[in-house]
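Colleague: Pasting a structure below so you can have a look.
There are 2 protein chains.
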Amino acid sequence: MSFDIKTICLGALSLGDATGYEIRKQFEEGPFAYFYDASFGSIYPALNKLLADGLVTCTSEAHPGRPTKKIYSLTASGEAALRAALSVGSADHKVRSDFLAILFFAHLVDPAQRVKVYDAYCAFYRTALAKLADAVDCDEKFGHQLVQGFGVHVYTSALDYLERNREQFLQGDMPVAEPRRAVGK
Amino acid sequence: MSFDIKTICLGALSLGDATGYEIRKQFEEGPFAYFYDASFGSIYPALNKLLADGLVTCTSEAHPGRPTKKIYSLTASGEAALRAALSVGSADHKVRSDFLAILFFAHLVDPAQRVKVYDAYCAFYRTALAKLADAVDCDEKFGHQLVQGFGVHVYTSALDYLERNREQFLQGDMPVAEPRRAVGK
DNA sequence: AGCACCATGTAATCTGTTACATGATTGG
DNA sequence: CCAATCATGTAACAGATTACATGGTGCT
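Chains as they are written, first to last, in our numbering: chain U, 3 to 187; chain W, 3 to 187.
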């Protein structure tokens, strides 16, 4: 059972008041980007639902000639709902990667395309790493630091692997060299 | 634009004939587990659709008193469709992790629960790592080896991080120690 | 001039999950 | 004797994406 957008929106608002637009940006650039993603089409309805349920409140800021900016805040019952949601007994962790799928079936893809995908994947990690490193918030909670550090660590090691094995992989037929560190011993 | 189950089923069949049940097992235990997941409710309809479209063929093996076993094989046009799908211009990579969400908001979760989640997350990586290590196929393609090696490498480093920071994180209030290696220089 | 960013929202659609339905065999 | 594994399939539902609808501001 995976968290839905409503829960994640509550989480976002627990970090401070925000508009739907700003929450979206957090999914793209902020710390959430590492473990979640969502688009406007799901955020706005989620926020309206939370409002109807009294889990958030909303202050409107009118700006002539453009949509009214709606700033949402977490209520006490919203925070309680967030705490309850975070205390579920089970959790999951899913990765869905087209890059890895393509690389896995690389022998079915033409070499030029293969290189592009490989390099795009590296670029993806480089960009993500830069964003994570940028997001240095000073008065953060320890969980924020853990997750940020985790992201940096894992992405760095992914990138290391890809860069180390690039030539060999793109040449095509040799096994991938892996300096075996003791695993799970 | 992310690959759908139909495409992934074609991929699974490109590794050899299989039943829907066997394809499901590959998502759980096999090399696919690292970058994809799917349940029966999506696999069986996908296979039927592929059959209707002539991308796979099906041989039935009757066994008295239980459902007829249906063994699917990739056709030439099925392989062509797979190649075409793998050659798309864009790819994405998504992680959705409840564990990281809970850990991120750890300050809202009671300490006992926090420990459980942390250890469950470690256990998740340990199990995944064991499965990946088991899946040693000899006459694999280079892409298979790359992805397998990647998975082992990344999961090992994730686990390292979690184990290194466990005590400090669970104590609660101190920043997480991270031996800074040069990143993205 | 044109594009990107700000800002909200809805409707159609898609994609996949969960639960249900069925039932034999094997191992602890 | 009970649970797990084998084996397929459907229907109801959930959850989120995409595209559409609207339009001002600021940078190049």
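All residues carry an ideal CB built from backbone N, CA and C; glycine is no exception.
By Cβ distance below 6 Å, which residues in the same chain neighbour residue 62(W) in space, the five residues on each side in sequence not counted?
Modeller: In the second sequence, the residue the question calls residue 62(W) occupies position 60. The answer, listed in chain order, is 70 and 72.
Colleague: Please confirm whether residue 88(U) has its beta-carbon closer than 8 Å to some beta-carbon of chain W.
Modeller: Taking the first residue of the first sequence as position 1, residue 88(U) is located at position 86. So, interface residue.
Colleague: Quick check on residue 157(W): buried or exposed, where buried means 16 or more other Cβ atoms within 10 Å of its Cβ?
Modeller: Position 155 of the second sequence, counted from the first residue, corresponds to residue 157(W). Buried: at least 16 other Cβ atoms inside 10 Å.
Colleague: Between the region 68-96 of chain W and chain U, which residues of the former have CB atoms less than 7 Å from a CB of the latter, in chain order?
Modeller: Per Cβ criterion, the list reads 84, 85, 88, 89, 93, 94, 95 and 96.
Colleague: Please tell me whether residue 102(U) and residue 36(W) are closer than 8 Å, where the distance is taken between their beta carbons.
Modeller: Here residue 102(U) refers to the residue found at position 100 of the first sequence. Here residue 36(W) refers to the residue found at position 34 of the second sequence. For residue 102(U) and residue 36(W), yes; Cβs fall inside 8 Å.
Colleague: What residues from chain W crowd round residue 149(U), counting only those whose CB sits closer than 8 Å?
Modeller: In the first sequence, the residue the question calls residue 149(U) occupies position 147. What residue 149(U) touches in chain W: 102, 105 and 106.
Colleague: Can you have a look at residue 33(U) and say buried or exposed, based on whether 16 or more other CB atoms are within 10 angstroms of its CB?
Modeller: Sequence index remark: in the first sequence, residue 33(U) carries index 31 (1-based). It is buried - the Cβ of residue 33(U) has at least 16 other Cβ atoms within 10 Å.
Colleague: Hey, residue 53(W) and residue 171(U) are a contact pair by Cβ (cut 8 Å); roughly how many whole angstroms apart?
Modeller: Indexing the second sequence from 1 puts residue 53(W) at position 51. Indexing the first sequence from 1 puts residue 171(U) at position 169. Contact doesn't hold; Cβ gap of about 34 Å is too wide.
Colleague: By DSSP, does residue 186(U) sit in helix, in strand, or in coil?
Modeller: Working through the first sequence from its first residue, we reach residue 186(U) at position 184. Low per-residue confidence applies at residue 186(U): pLDDT is 41, beneath 50, and the placement is therefore not dependable enough to give any value.
Colleague: Within the continuous beta strand (DSSP E) that includes residue 76(W), where are the two ends?
Modeller: Along the second sequence, one-based indexing puts residue 76(W) at 74. Its beta strand (DSSP E) spans residues 68-76.
Colleague: Given a cut-off of 8 Å on the beta-carbon distance, is the pair residue 49(U) and residue 80(U) in contact?
Modeller: Counting from 1 along the first sequence, the entry for residue 49(U) is found at position 47. Counting from 1 along the first sequence, the entry for residue 80(U) is found at position 78. In this structure, residue 80(U) does not lie closer than 8 Å to residue 49(U) by Cβ.
Colleague: In the DSSP assignment, what are the bridge partners of residue 60(W)?
Modeller: Counting from one through the second sequence, the residue named residue 60(W) turns up at place 58. Looking at the DSSP assignment, residue 60(W) forms a beta bridge with 74(W).
Colleague: Just to confirm the assignment, what range does the beta strand (DSSP E) spanning residue 95(U) have?
Modeller: Working through the first sequence from its first residue, we reach residue 95(U) at position 93. Run containing residue 95(U): 95-99, per the beta strand (DSSP E) assignment.
Colleague: What's the gap between the Cα of residue 185(W) and the Cα of residue 110(W)?
Modeller: By 1-based counting over the second sequence, the position of residue 185(W) is 183. By 1-based counting over the second sequence, the position of residue 110(W) is 108. Summary for residue 185(W): the model assigns pLDDT 45, below 50, so the residue's position carries little reliability, and this model does not support an answer.
Colleague: What do you get for residue 99(W), buried or exposed, if any count of 16 or more other CB atoms within 10 angstroms of its CB means buried?
Modeller: Translated into the one-based positions of the second sequence, residue 99(W) becomes position 97. Answer is buried; the Cβ neighbour count reaches 16.
Colleague: Apart from the five residues on each side of it in sequence, which residues of its chain come closer than 8 Å, Cβ to Cβ, to residue 20(U)?
Modeller: One-based indexing of the first sequence puts residue 20(U) at position 18. Cβ within range, chain order: 14, 28, 73 and 74.
Colleague: Report the three-state DSSP secondary structure of residue 40(W) (helix, strand or coil).
Modeller: Within the second sequence, residue 40(W) is the residue found at index 38, counting from 1. Of the three classes helix, strand and coil, the one that applies to residue 40(W) here is coil, per DSSP.
Colleague: Measure from the alpha carbon of residue 160(W) to the alpha carbon of each residue in 154(U), 42(U) and 165(U), then state which is nearest.
Modeller: Counting from 1 along the second sequence, the entry for residue 160(W) is found at position 158. The residue with the shortest Cα to Cα distance from residue 160(W) is 154(U).
Colleague: Quick check: the Cα distance between residue 44(U) and residue 8(U), rounded to an integer number of angstroms?
Modeller: As a working mapping, residue 44(U) is identified with position 42 in the first sequence. As a working mapping, residue 8(U) is identified with position 6 in the first sequence. Roughly 9 Å between the two C-alpha positions.
Colleague: For residue 39(U), return the contacting residues in chain W, with the cut-off set at a CB-CB distance below 7 Å.
Modeller: On the first sequence, position 37 is the one that residue 39(U) refers to. Within chain W, the residues near residue 39(U) are 96.
Colleague: Check whether the region 81-94 of chain W touches the region 107-127 of chain U, counting contact only when three or more Cβ pairs, one atom from each stretch, lie closer than 8 Å.
Modeller: Counting Cβ pairs under 8 Å, three or more are found: they touch.
Colleague: Could you tell me how far apart the beta carbons of residue 104(U) and residue 134(W) are, in whole angstroms, since I believe they sit closer than 8 Å?
Modeller: For this step, residue 104(U) is matched to residue 102 along the first sequence. For this step, residue 134(W) is matched to residue 132 along the second sequence. Going by Cβ atoms, the distance from residue 104(U) to residue 134(W) rounds to 19 Å, so no, they are not a contact pair.
Colleague: If the criterion is Cβ atoms closer than 8 Å, does the pair residue 174(W) and residue 107(U) meet it?
Modeller: Reading the second sequence from its first residue, position 172 is the one you call residue 174(W). Reading the first sequence from its first residue, position 105 is the one you call residue 107(U). No.
Colleague: For chain W, check one thing: does any of its Cβ atoms lie closer than 8 Å to the Cβ of residue 185(U)?
Modeller: Taking the first sequence and counting its residues from 1, one reaches residue 185(U) at position 183. Because residue 185(U) sits at a pLDDT of 44, beneath the cut-off of 50, its placement in the model cannot be relied upon, and the following sentence gives the value as read from the coordinates. For residue 185(U), the answer is yes, since a Cβ of chain W falls inside 8 Å of its Cβ.
Colleague: Which residues in chain U have a C-beta closer than 8 Å to the C-beta of residue 33(W)? List them in chain order.
Modeller: If you number the second sequence from 1, residue 33(W) lands on position 31. Result: 106.
Colleague: Give me whichever residues DSSP pairs with residue 20(W) in a beta bridge.
Modeller: Here residue 20(W) refers to the residue found at position 18 when the second sequence is read from its first residue. Answer is 74(W).
Colleague: Answer yes or no: does any C-beta atom of chain W fall closer than 8 Å to that of residue 14(U)?
Modeller: Translated into positions along the first sequence, residue 14(U) becomes position 12. Cβ-Cβ to chain W under 8 Å: no for residue 14(U).
Colleague: Leaving aside the five residues before and after residue 5(W) along the sequence, list all residues of the same chain whose C-beta is less than 7 Å from its C-beta, in chain order.
Modeller: Taking the second sequence and counting its residues from 1, one reaches residue 5(W) at position 3. Within the same chain, residue 5(W) has close Cβ partners 87.
Colleague: Decide if residue 26(U) is buried, meaning its Cβ has at least 16 other Cβ atoms within 10 Å, or exposed.
Modeller: Here the question's residue 26(U) lines up with position 24 in the first sequence. Buried is the call here.
Colleague: Going by CA-CA distance only, name the one from 164(W), 82(W) and 65(W) that's closest to residue 112(U).
Modeller: Counting from one through the first sequence, the residue named residue 112(U) turns up at place 110. Residue 112(U) has its Cα closest to that of 82(W), out of 164(W), 82(W) and 65(W).
Colleague: Write down the C-beta distance between residue 38(W) and residue 22(W) rounded to the nearest angstrom, noting that I regard them as a contact closer than 8 Å.
Modeller: Against the second sequence, residue 38(W) aligns to sequence position 36. Against the second sequence, residue 22(W) aligns to sequence position 20. So it is not a contact: roughly 15 Å between Cβ atoms.
Colleague: Taking only the alpha-carbon atoms, compute the straight-line gap between residue 146(W) and residue 127(W) and give it to the nearest angstrom.
Modeller: Taking the first residue of the second sequence as position 1, residue 146(W) is located at position 144. Taking the first residue of the second sequence as position 1, residue 127(W) is located at position 125. Answer to the nearest angstrom: the Cα atoms are 20 Å apart.
Colleague: Hey, does residue 8(W) have any beta-carbon neighbour from chain U nearer than 8 Å?
Modeller: As a position in the second sequence, residue 8(W) is number 6, starting the count at 1. So no, residue 8(W) is outside the interface.
Colleague: Measure the alpha-carbon distance for residue 18(U) versus residue 76(U) and round it to whole angstroms.
Modeller: Taking the first residue of the first sequence as 1, we reach residue 18(U) at position 16. Taking the first residue of the first sequence as 1, we reach residue 76(U) at position 74. Near 8 Å, if we compare the C-alpha coordinates of residue 76(U) and residue 18(U).
Colleague: As a quick exercise: from 55(U), 10(U), 30(U) and 3(U), pick the residue whose alpha carbon is nearest that of residue 131(U).
Modeller: Residue 131(U) sits at position 129 when you count from the first residue of the first sequence. Residue 131(U) has its Cα closest to that of 30(U), out of 55(U), 10(U), 30(U) and 3(U).
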